[in-house]
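Asker: Can you read through this structure? Questions will come right after.
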Amino acid sequence: MQPLATASLEQQTQFKENEMEWGKEARRSNAILHKVITAAIPDTVGERLIGLVTARDEIPDLLKLDDVIDLVIPRGSNSLVSQIKESTKIPVLGHADGVCHVYVDKYANLEMAKQIVLGAKIDYPAACNALETLLVHNDLLETAPLTELISDLRTEGVTIYGGLRITIDHIHRHGSAHTDCILAEDHDVSEIFLNQVDSAAIIHNASTRFCDGARFGLGAEVGISTSRIHARGSVGVEGLLTTQCVKLEVFDGIMLLRGSGQVVDGDKGVTYTHNNLPIES
Numbered sequence: 012m013q014p015l016a017t018a019s020l021e022q023q024t025q026f027k028e029n030e031m032e033w034g035k036e037a038r039r040s041n042a043i044l045h046k047v048i049t050a051a052i053p054d055t056v057g058e059r060l061i062g063l064v065t066a067r068d069e070i071p072d073l074l075k076l077d078d079v080i081d082l083v084i085p086r087g088s089n090s091l092v093s094q095i096k097e098s099t100k101i102p103v104l105g106h107a108d109g110v111c112h113v114y115v116d117k118y119a120n121l122e123m124a125k126q127i128v129l130g131a132k133i134d135y136p137a138a139c140n141a142l143e144t145l146l147v148h149n150d151l152l153e154t155a156p157l158t159e160l161i162s163d164l165r166t167e168g169v170t171i172y173g174g175l176r177i178t179i180d181h182i183h184r185h186g187s188a189h190t191d192c193i194l195a196e197d198h199d200v201s202e203i204f205l206n207q208v209d210s211a212a213i214i215h216n217a218s219t220r221f222c223d224g225a226r227f228g229l230g231a232e233v234g235i236s237t238s239r240i241h242a243r244g245s246v247g248v249e250g251l252l253t254t255q256c257v258k259l260e261v262f263d264g265i266m267l268l269r270g271s272g273q274v275v276d277g278d279k280g281v282t283y284t285h286n287n288l289p290i291e292s
């Protein structure tokens, strides 16, 4: 785990005991950050609020503790995330791949598209939200801006697709449901893409690199999830919280319910109206 992720995650998750483990290249940095943060925890809480895992051979044993560990958040390579998912019964929040697409429509602002594509790929190529696949409408095949863009990216080959529908099918077949983007000025085309692409984050006329907890206003990012259960997309600390019912009001994110002997009486006297919902193809 990177030092930045360690510091931000520890600051956000001090509501219960946590265990953290990192990559060996950041061991000393994370050890110092952990020491500083635990030293700031009040004595009434105790330093054991945040644990420190220093050896990888301890991980398999931790992954067996499904009765005491609520959630595992792996940050790392595809193989790491996949291995953890396969070796534990504990819920895992994460993504195995970050295959992010950018589709340049025939009505896109090509100068803007060039800047977005270059930024999405070159800003931080190793990031999970960096551009991996560029899809281009075939009407742009012979245009000078596209030729210049390909030259700037030093790409040896670009797959050319016939239009929007084929592009969406390609993303669903080969994508990872992480972050996908359309660059287009046509409102109808953009809306079709935004409504039909089934990814955790879908972006219109901006870089895929914006898929980040801090940039989405969620605070420091805990992780990015491509799951369809519970948290999805960029996840901040609120994405880790559950709801507790104790009274019929919301207080600090908790649904509270207090009563004085009320019982459910079969909803007597209630008339229900049933209407068919319109379904759009």
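Sequential numbering from 12 applies to the sequence shown in the numbering used here. Glycine included, each C-beta is placed from N, C-alpha and C at the ideal position. Model, not experiment: these values are computed from the prediction.
(1) Checking the sheet assignment: what are the DSSP bridge partners for Ile193?
(2) Give me the Cα-Cα distance between Cys139 and Gly228, rounded to the nearest whole angstrom.
(3) Which residue marks the beginning of the beta strand (DSSP E) containing Leu146, and which one marks its end?
(4) Examine the Cβ distances between the stretch 211–231 and the stretch 184–194 and report whether three or more of them are shorter than 8 Å.
(5) In the DSSP assignment, find the alpha helix (DSSP H) that holds Ser201 and state where it starts and stops.
(6) Excluding the five sequence neighbours on either side, which residues of its own chain have a C-beta within less than 6 Å of the C-beta of Pro156, listed in chain order?
(7) Quick one, are the C-beta atoms of Leu104 and Gly247 less than 7 Å apart?
(8) Cβ atoms of Gly230 and Ala242: under 7 Å apart, would you say?
(9) Taking Cβ positions, are Thr178 and Leu146 nearer each other than 7 Å?
(10) Could you give the DSSP three-state label for Leu121: helix, strand or coil?
(11) Just curious, the alpha helix (DSSP H) that Ser90 is in, first and last residue?
(12) Between which two residues does the beta strand (DSSP E) carrying Val246 extend?
(13) Looking only at its own chain, which residues have a Cβ that is under 8 Å from the Cβ of Glu28, when we skip the five neighbours before and after it?
(14) Could you compute how far the alpha carbon of Thr158 sits from the alpha carbon of Glu143?
(15) Classify Ile43 as helix, strand or coil using the three-state DSSP reduction.
(16) Could you check whether Pro85 and Val92 sit closer than 7 Å to each other, using their CB atoms as the reference points?
(17) Note down, in chain order, each residue of its chain lying with its Cβ closer than 8 Å to the Cβ of Leu205, except the 5 sequence neighbours on either side.
(18) With H, G and I counted as helix, E and B as strand and the rest as coil, what does DSSP make of Leu251?
(19) Give me the Cβ distance between Val128 and Leu175, rounded to the nearest whole Å; I'm assuming they're in contact under 8 Å.
(20) When the distance is taken between beta carbons, is His112 closer than 7 Å to Ile203?
(21) When DSSP labels each residue in this structure, what does Leu63 get in the three-state scheme?
(22) Roughly how many whole angstroms lie between the Cα atoms of Glu97 and Ala217?
(23) Can you give the beta carbon distance from Ala119 to Glu69, rounded, assuming they're within the 8 Å contact cut?
(24) Apply the 10 Å Cβ neighbour rule to Thr219 and answer buried if 16 or more other Cβ atoms are within range, or exposed otherwise.
(25) Excluding sequence positions up to five away, which residues of its chain have a Cβ less than 6 Å from the Cβ of Thr55?
(26) What number of angstroms, rounded off, separates the C-alpha of Glu167 from the C-alpha of Ser201?
(27) Within a Cβ cutoff of 6 Å, which residues of the same chain sit near Gly244, ignoring the five residues on either side of it in sequence?
Answerer: Let's see:
(1) Tyr114, His215
(2) 19 Å
(3) 142–148
(4) yes
(5) 198–207
(6) Contacts found: Leu121.
(7) Between Leu104 and Gly247, the C-beta spacing is not below 7 Å.
(8) no
(9) Note that the C-beta distance between Thr178 and Leu146 is below 7 Å.
(10) In the structure shown, Leu121 sits in a helix (DSSP, three-state: H, G or I).
(11) 89–97
(12) In the DSSP assignment, Val246 falls within the beta strand (DSSP E) that extends over 244–246.
(13) Reliability of the predicted coordinates at Glu28 is poor, the pLDDT of 47 falling under 50, and the value obtained from them is presented with this limitation in mind. If we look at Glu28 and ignore the five residues flanking it on each side, its Cβ neighbours are Arg59, Leu60, Ile61, Gly62.
(14) 18 Å
(15) helix
(16) It is a contact, given that the beta carbons lie within the stated cut-off.
(17) Ile193, Ile213, His215
(18) When secondary structure is reduced to three states using DSSP, Leu251 falls in the helix class.
(19) No, Val128 and Leu175 are not in contact; Cβ-Cβ is about 18 Å, not under 8 Å.
(20) no
(21) Three-state DSSP puts Leu63 in a strand.
(22) 35 Å
(23) Incorrect: roughly 50 Å between the Cβ atoms, too far for contact.
(24) Buried, since its Cβ has 16 or more Cβ neighbours within 10 Å.
(25) none
(26) Because the pLDDT at Glu167 is just 42, under 50, the model does not fix this residue reliably, and the point stays unresolved.
(27) Ala211, Ala212
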